[in-house]
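As structure tokens, the structure follows; a few thoughts come after it.
Residue numbers (our numbering): 5 to 101.
Structure (structure tokens):
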């Protein structure tokens, strides 16, 4: 699988998960003051859900790579990119003043 296939798969299969991740990051940003904390919380919850579902047998062994590449990774990447863009915009605003 090439990187371009992976990214296309993210936007085709993981767009709902990415949108919900951005929404969860937005809500966590309202609660916390640290920008690095919401992606870590989302990462921890996503890992726990993925491992829990695999342990219960709800994710078959032949589908675990799919769940990792197209559900877990887009969720964490969307959260990190959302907060990274917020930090970049904030620093640009400070620099422009």
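All C-beta atoms in this analysis are idealised placements derived from N, C-alpha and C, irrespective of residue type, glycine included.
A distance below 8 Å separates the beta carbons of residue 75 and residue 18. A distance below 7 Å between beta-carbons, with the five flanking residues on each side excluded, links residue 91 to the following residues of its chain, in chain order: 39.
Counting only residues of its own chain and dropping the five nearest sequence neighbours on each side, residue 84 has a CB closer than 8 Å to the CB of 43.
Under the 10 Å beta carbon count, residue 87 is surrounded by 16 or more other beta carbons and is classified as buried. With a contact defined as Cβ atoms closer than 8 Å, residue 29 and residue 46 qualify at about 6 Å.
The beta-carbon distance between residue 81 and residue 68, rounded to whole angstroms, is 18 Å. This is too long to meet the 8 Å contact definition. Note on the region 41-70: whole alpha helix (DSSP H) runs with a minimum of 4 residues are 41-60, in chain order.
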